[in-house]
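Novice: Counting from 1 along the first sequence, just add 272 to a position and that's the residue number in our numbering. Even glycine gets a Cβ: it sits at the ideal position worked out from N, Cα and C. Could you have a look at this structure, given as structure tokens, before my questions?
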Amino acid sequence: MSGSDERPADAGSLRHGLPELIAERRAKALRLRQTDAEAFPYAFAGTEPIAAILDAYEHLAAGEETEDSHRVAGRVLAKRGAGKAAFLDLVDRTGKIQLHARVDVLGSEALQRLTSLDVGDLIGVDGAALRSRKGEISLRVDAFTVLAKALRPPPDKHGGLSDVQTRYRRRELDLMASEDARKLFADRARIISAVRGYLDTEGFLEVETPVLQPLYGGALARPFTTHHNELDRDLYLRIATELYLKRLLVGGLERVYELGKDFRNEGVSSKHNPEFTMVEFYEAYADYSDEAVRLEELVRRAARAVDYAGELDLEGRWRRVTFVESIAEATGIDLSSARDPDALRAEVVARGLEIATEGASWPQMADDLLSKFVEPTLQQPTFVLDYPVELSPFAREHRSRAGLVERWEAFAGGIEIANAFSELVDPDVQRERFEAQQRLASAGEEAQPYDELFLAALEQGMPPAGGVGLGIDRLVMLLTGRDSIREVVLFPAMRD
RNA sequence: GCCCCGUUAGCUCAUCUGGUAGAGCGCCGGACUUUUAAUCCGGUGGGGCGGGUUCGAGUCCCGCACGGGGCACCA
């Protein structure tokens with residue numbers, strides 16, 4: 273943005289639009305500096321939340337006034353002049369209260385200062401509680417202080433801000449204009465707090481593992497790469513925390529979790545942001561069935577934390593269906609009999625299903641069938657169980673079904689929210705999986721790097737364990753009824 | 001990377017076939033001591049960027065930028 277837009281108007285130069293609005297506000301700020309010794313104080317101590325005042329005077333009758341003085345601070349949302357009186361709406365993080373200014377209380381000079389405030393200015397007020405004749409709980413302005421002059425105009429006071437581009441790029445304006453936006457991010461915080469609360473209560477230890485990793489792993493995704501100058505080596509921003517957390521189980525921490533950002537250098541969509549918040553938790557001596565129960569409980573706690581009242585049944589036991597069953601239900605294809613690429617391709621073509629089959633591997637096609645034909649239908653929370661081994665390099669082979677692993681993905685609202693395994697703990701099997709991944713990589717496919725330190729950890733003896741990765745942004749989408757990840761991330765990734 | 005749609009005043013939106021671009025809110029000035037989308041009077045402000053066609057382009061054409069949706073991608 274060009275700085276020349278923001279200078280006050282020079283004498284004789286014609287300025288319009290935003291520069292003019294800013295110039296007018298700057299002129300007012302200048303006047304404040306000249307006339308008010310405390311125009312820009314460093315702090316304003318002793319304020320009460322507006323909501324507390326509204327609660328405390330609920331009993332007042334219309335027209336009833338008190339001499340109980342209260343101190344509040346917030347942003348001027350609206351201004352209604354009435355000659356020798358004025359009304360302002362003041363908003364803080366807890367609510368909105370009307371201010372009533374009168375010349376017989378303030379004097380004409382102070383009233384003039386008050387009415388020359390702009391919508392968007394931050395002020396502190398001392399005043400007595402009253403209920404106006406029209407019935408609104410208000411504060412009579414006995415004294416006020418400008419806490420910050422707003423040099424730019426706020427969004428429209430009733431139309432609000434609806435341009436999505438501005439809402440995402442300048443989230444502060446969205447929050448300023450929309451109580452709903454403020455509530456959404458408060459809900460997000462409550463959800464995260466509930467997740468931590470549940471895991472803490474269950475004896476999980478919150479840990480922090482490297483974001484900058486010498487090798488990336490734990491998921492299949494392209495990483496962001498960066499460079500450490502002193503060590504003179506490339507590092508990757510983590511795509512998952514999985515491998516480090518499992519090493520902590522080897523170390524005996526037994527129940528651990530990490531909640532934080534992962535980074536994937538992939539496309540942006542309504543379900544994908546290049547940096548996103550994930551919680552992964554791992555539990556020794558448990559398997560994937562135990563973890564399904566944990567996820568149900570964890571999501572139930574989070575839903576209660578925000579008084580979830582949507583369409584999804586998050587209180588009861590979630591539906592469970594196997595990978596093979598779910599695809600058979602949705603497409604009629606029996607994966608257990610179409611076990612090689614050619615057979616599966618023939619089935620897909622015969623049924624006229626629109627997925628890529630040219631040169632596609634069996635696992636690619638199977639996964640495509642799931643994401644295209646099953647996932648969108650899974651509105652009520654559902655665990656899809658027992659995936660083909662080819663799709664899951666860190667999951668343990670199924671105890672009774674050949675070719676499958678003990679893995680589930682949890683879906684709700686038509687999107688994937690979580691993924692879990694009975695963790696693969698056998699170092700020799702894990703080594704074979706890495707080797708298979710290397711063959712994929714040399715064939716040009718995305719695959720796991722070979723992680724010797726992780727294998728060494730497994731060779732120390734890793735307890736049987738269940739582990740879960742839960743996408744926090746998607747959980748927030750689900751519990752707040754938003755259909756885009758950009759709505760629930762404060763500052764989503766945008767082009768410059 | 002591909003396809004479709006969008007971009008007009010500080011904000012929210014209009015503007016038939018190409019012919020002087022409008023409103024509400026905001027802002028500035030004035031009136032008003034109980035308003036709350038305050039009201040009343042007067043004033044102020046604009047076609048994303050770059051080309052082209054045309055006597056004349058917000059409108060038609062080309063390119064670019066950004067956004068939205070979809071596809072691809074995303075275990």
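By a C-beta neighbour count over all protein chains shown, 10 Å radius and 16 as the cutoff for buried, is T603 buried or exposed?
Specialist: Burial call: buried.
Novice: Over the uninterrupted beta strand (DSSP E) stretch that includes G353, give me the two end residues.
Specialist: Here the beta strand (DSSP E) through G353 covers 337-354.
Novice: Keeping to the same chain, check which residues put their C-beta closer than 8 Å to that of V621; ignore five residues upstream and five downstream.
Specialist: Excluding sequence neighbours, V621 sits near T629.
Novice: Let's test the definition: count the other Cβ atoms within 10 Å of the Cβ of G284 and tell me whether it reaches 16, buried, or not, exposed.
Specialist: Low local confidence applies: a pLDDT of 28 at G284 is under 50, so the model's placement there is unreliable, with the coordinate-based value given in what follows. Under this definition G284 is an exposed residue.
Novice: Can you tell me whether R623 is buried or exposed, with buried defined as 16 or more other CB within 10 angstroms of its CB?
Specialist: Exposed, by the Cβ-count rule.
Novice: Tell me which residues share the same chain as Y508 and place their Cβ nearer than 8 Å to its Cβ, disregarding the 5 neighbours each side in the sequence.
Specialist: Correct list, in chain order: L484, Q485, P486, L487, Y488, P495, F496, T497, T498.
Novice: For the candidate residues D640, I322, R572, A684, whose alpha-carbon lies nearest to that of R592?
Specialist: Answer by Cα proximity: A684.
Novice: Go through its chain and collect everything with a Cβ distance to D506's Cβ below 6 Å, but skip five positions before and after it.
Specialist: T497, H499.
Novice: Heavy atom of the ligand SAM less than 7 Å from the Cβ of L362, yes or no?
Specialist: As far as ligands go, the structure on display features none, and thus does not contain the ligand SAM.
Novice: Cutting at 6 Å between CB atoms, please list the residues of its own chain near K429, excluding the five before and the five after it.
Specialist: Hits under 6 Å: A350.
Novice: Contact between the stretch 445-456 and the stretch 470-478 is defined here as three or more beta-carbon pairs at a separation below 8 Å; is this criterion met?
Specialist: Taking 8 Å as the limit for Cβ pairs, the verdict is that the stretch 470-478 does not touch the stretch 445-456.
Novice: Closer than 6 Å by C-beta to S664: which residues in its own chain qualify, once you throw out the five before and the five after it? Chain order, please.
Specialist: Only V677, R679 meet the Cβ criterion.
Novice: From which residue to which residue does the beta strand (DSSP E) around K518 run?
Specialist: No beta strand (DSSP E) contains K518, which is instead part of the alpha helix (DSSP H) from 514-522.
Novice: Buried or exposed: which applies to L563, given that a residue is buried once 16 or more other Cβ atoms fall within 10 Å of its Cβ?
Specialist: The sequence as given places Glu at residue 563; Leu does not occur at that position. Buried.
Novice: Thinking just about the alpha-carbon of each residue, which of F655, R573, G399 is nearest to the one in S341?
Specialist: Measuring from the Cα of S341, the nearest candidate turns out to be G399.
Novice: Using a Cβ-Cβ cut-off of 6 Å (strictly less than) and excluding sequence neighbours within five positions of S404, which residues of its own chain qualify?
Specialist: Same-chain partners within the cutoff: S410.
Novice: What residue from I463, P699, L386 has the CA that sits closest to R352's CA?
Specialist: The shortest Cα separation from R352 among I463, P699, L386 belongs to L386.
Novice: Assign R671 to one of three DSSP states: helix, strand, or coil.
Specialist: In this structure, R671 counts as coil in the three-state DSSP scheme.
Novice: If we count the other Cβ atoms within 10 Å of its Cβ and call it buried at 16 or more, is V761 buried or exposed?
Specialist: With 16 or more Cβ atoms within 10 Å of its Cβ, V761 is classed as buried.
Novice: Based on the DSSP secondary-structure assignment, which residues constitute the bridge partners of M550?
Specialist: According to DSSP, which records beta bridges pairwise, M550 is partnered with G532, G743.
Novice: Pick out whichever of S561, Y440, G588 has its Cα sitting closest to the Cα of R573.
Specialist: Closest option to R573, Cα to Cα, is G588.
Novice: Looking at the structure shown, is G469 part of a helix, part of a strand, or coil, going by DSSP?
Specialist: The answer is helix: DSSP assigns G469 an H, G or I state.
Novice: Taking the beta carbon of H331 as the centre, do at least 16 other beta carbons fall within 10 Å, making it buried, or is it exposed?
Specialist: Exposed, because fewer than 16 other Cβ atoms sit within 10 Å of the Cβ of H331.
Novice: One question on the structure: do I463 and V578 come within less than 8 Å of each other, judged by their Cβ atoms?
Specialist: Cβ distance < 8 Å, so I463 and V578 count as in contact.
Novice: For N545, tell me which candidate among R439, Q306, D723, M766 has the shortest Cα-Cα distance.
Specialist: It is M766 whose Cα lies nearest to the Cα of N545.
Novice: Which residue spans inside the stretch 599-634 form an unbroken alpha helix (DSSP H) run of at least 4?
Specialist: Whole alpha helix (DSSP H) segments, 4+ residues: 613-622.
Novice: Use the C-beta contact count for N691: other C-beta atoms within 10 angstroms, 16 or more gives buried, fewer gives exposed.
Specialist: By the neighbour-count rule (16 or more Cβ atoms within 10 Å), N691 is buried.
Novice: Give me the DSSP bridge partner(s) of L402.
Specialist: E337, S410.
Novice: Here's the rule: buried if 16 or more other CB atoms are within 10 angstroms of the residue's CB, otherwise exposed. What is F763?
Specialist: Classification for F763: exposed.
Novice: Going straight from the alpha carbon of A600 to that of G753, what length do you get?
Specialist: Roughly 30 Å separates the two Cα atoms.
Novice: Taking just the CA atoms, how far does T319 sit from F666?
Specialist: Going by the C-alpha atoms only, they are around 54 Å apart.
Novice: Just to confirm the assignment: which complete alpha helix (DSSP H) runs, minimum length 4, are found wholly within the stretch 640-724?
Specialist: List check, alpha helix (DSSP H) in window: 699-714.
Novice: So is R758 buried or exposed if we call it buried at 16+ other beta carbons inside 10 Å?
Specialist: It counts as buried.
Novice: Just mark T649 as buried or exposed, buried being the case when its beta carbon has 16 or more other beta carbons within 10 Å.
Specialist: T649 comes out exposed.
Novice: Between E669, T654, E552, which lies nearest to P660 when the distance is taken from Cα to Cα?
Specialist: Out of E669, T654, E552, E669 has the C-alpha closest to the C-alpha of P660.
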